[in-house]
Structures are given as C-alpha cells and as structure tokens.
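For reference, each letter of the sequence shown is one residue, going 51 to 261 in the working numbering. The structure appears below as structure tokens.
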Amino acid sequence: MSSTLKPVGRIVGEATPDSFVFVAAREEHPSKYEYVTVKSREIVDGAVREVDVLAQVTGLVSRSAVFRSELDLRALERAYNAGVDDSNVLCTARTLGFLVEEGSRIQVFFPRRAIFPGNQVYLAPDDFVRRFFSYPSEEGLHIGHLLTRPSVEVNASLNGFRRHVAVIAQTGAGKSYTVGVMLEELLRLGGTVVVIDPHADYVFLSRTGDM
51 MSSTLKPVGR IVGEATPDSF VFVAAREEHP SKYEYVTVKS REIVDGAVRE VDVLAQVTGL
111 VSRSAVFRSE LDLRALERAY NAGVDDSNVL CTARTLGFLV EEGSRIQVFF PRRAIFPGNQ
171 VYLAPDDFVR RFFSYPSEEG LHIGHLLTRP SVEVNASLNG FRRHVAVIAQ TGAGKSYTVG
231 VMLEELLRLG GTVVVIDPHA DYVFLSRTGD M
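In structure tokens, the structure reads:
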C-alpha cells in the first residue's frame with residue numbers, strides 16, 4: 051500500500067507501541083487530529099507480519115535551533131535579516147490499531163511491538179480510515195462522518211444494540227441529538243423502538259412524514 055500513499059514525515063526520537071513523534075514538512079504537515087499510517091511488524095497468528103498501523107495526530111509544535119528564547123531581540127532580528135530559516139514541525143501521534151482479516155471478519159488490534167524511529171509516516175487514505183470507523187451500511191446505523199474526513203461516513207454496529215447501550219457526554223455535547231439519529235436509523239431499518247421520554251426530547255420524531 052505504501053507505493054500509493056503520500057509521505058508526510060519520518061519518526062524521530064523514542065517511539066512506543068502507543069505513540070510516536072515525527073518530523074513533518076513545514077508546508078505540508080498534517081493538521082491536528084488528522085489520520086496517518088506507519089509500517090510496523092506485529093505478531094499475528096503466531097508469526098511476525100508487516101502491518102499498517104493507523105494513528106491520529108494529537109499535537110503539533112514548530113521549533114528552531116536558531117530562534118531560541120535565550121536570544122535577545124537584536125540577535126533574533128540579525129538572524130532573520132540574514133535569511134536563517136531552520137524551523138521544522140514536530141507532530142505527536144497516538145496509535146489506534148491495525149487491521150487483521152479473518153475470512154469475512156475484520157478485527158482491530160492494538161500494537162504491542164515497538165515502532166522504529168526513521169520509519170516513514172504517510173497520510174492515511176480515506177478507504178483505510180473507513181475500514182476502522184465504519185461498518186457496512188447494511189450492517190450499521192449511519193450516525194455521521196469524521197470531523198477531519200467528511201467523506202468517511204461512520205456507521206455504528208447493529209450488533210452492539212443487542213445488549214446495553216449508553217450515550218454519555220457533558221451537557222450540550224449532543225447526546226439527545228445522537229440518540230435521535232440512532233432512533234431514526236433503527237426505524238428506517240424496520241426496527242421497533244419504545245421511548246421513555248420524560249424531557250420530551252423526541253416528541254417530534256412521530257410527526258415526521260415517514261415515522
């Protein structure tokens with residue numbers, strides 16, 4: 051897959067199975083919360099295999115060895131006027147997992163082995179991200195799309211509704227709206243829903259033309 055991917059940087063310093071830091075190009079560095087991928091080697095079914103690890107950029111910092119806080123303004127101005135420009139961009143990324151296909155099933159596993167400095171970091175393609183965050187439309191409830199990837203729809207697993215489900219967030223975060231979307235999707239798929247609604251959050255669901 052790497053032959054079709056867009057390189058955005060290389061891993062530097064210490065890297066763990068959970069996170070890594072990479073230097074990115076100044077003009078084309080990924081934004082915060084963007085998705086990237088890196089090659090690693092993990093034990094799958096008792097054998098070491100190369101896998102594509104998905105990660106999300108959680109922090110960005112630009113730095114310079116010349117423009118340091120220890121220098122006074124006159125020294126900084128001289129460096130600037132001399133055309134010195136050595137700044138680069140450091141990105142921190144948190145790993146989200148890698149995919150393992152078992153027949154028709156796709157499972158997500160968390161990395162357990164080291165990711166090595168020097169490895170190339172790539173921008174994760176939409177299709178790869180979609181496989182992590184979405185079930186096929188016939189098997190899931192469409193609840194929206196990723197904030198940083200509008201083309202990547204998110205479908206929640208229908209099987210997850212066989213047991214208990216909780217939607218938890220702070221006030222105003224959109225709990226009622228999210229549940230409303232889930233109810234509409236369940237009804238669209240032919241489900242039957244009984245709603246106990248003491249706060250009258252969902253009274254308008256019954257007034258739509260197709261409910």
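Here a beta-carbon is modelled for each residue, glycine too, at the ideal position from N, C-alpha and C.
Taking each of Pro67, Phe183, Val231 and Pro57 in turn and checking the Cα distance to Thr145, the smallest one comes out for Pro67. Glu189 sits in a helix when the DSSP states are folded into three classes.
Per DSSP, Asp102 is one residue of the beta strand (DSSP E) stretching across Ala97 to Arg113. Inclusion of Gly147 and Leu197 in the CB contact set at 8 Å is not warranted, their separation being larger than that value. The criterion of a C-beta distance shorter than 8 Å is satisfied by Val150 and Val94. Per DSSP, the continuous beta strand (DSSP E) segment holding Gly59 begins and ends at Lys56 to Val62. The region 213-222 makes no contact with the region 174-183, as fewer than three CB pairs between them are under 8 Å. Ranked by how close their Cα comes to the Cα of Val111, the residues Thr228, Ser90, Lys89 and Ala75 have Ala75 in first place.
The alpha-carbon separation between Val62 and Arg124 amounts to approximately 32 Å. Taking a C-beta distance under 8 Å as the contact criterion, Leu255 and Leu173 do not qualify as a contact pair. Its chain contains Asp136 as the residues whose beta carbon lies nearer than 7 Å to that of Ala115, once the 5 sequence neighbours on both sides are disregarded; these appear in chain order.
According to DSSP, Phe159 shares a beta bridge with Phe148.
Spanning the alpha carbons of Arg163 and Val88 requires a straight line of approximately 13 Å. In this structure Gly153 is not in contact with Arg60, their Cβ atoms being roughly 36 Å apart against a cut-off of 8 Å. Within the same chain, and ignoring the five residues on either side of Leu233 in sequence, the residues whose Cβ sits closer than 8 Å to its Cβ are Val243, Val245, Tyr252 and Leu255. Excluding the 5 residues flanking it on each side, Thr142 has same chain C-beta neighbours closer than 6 Å at Val71, Thr108 and Gly109, in chain order.
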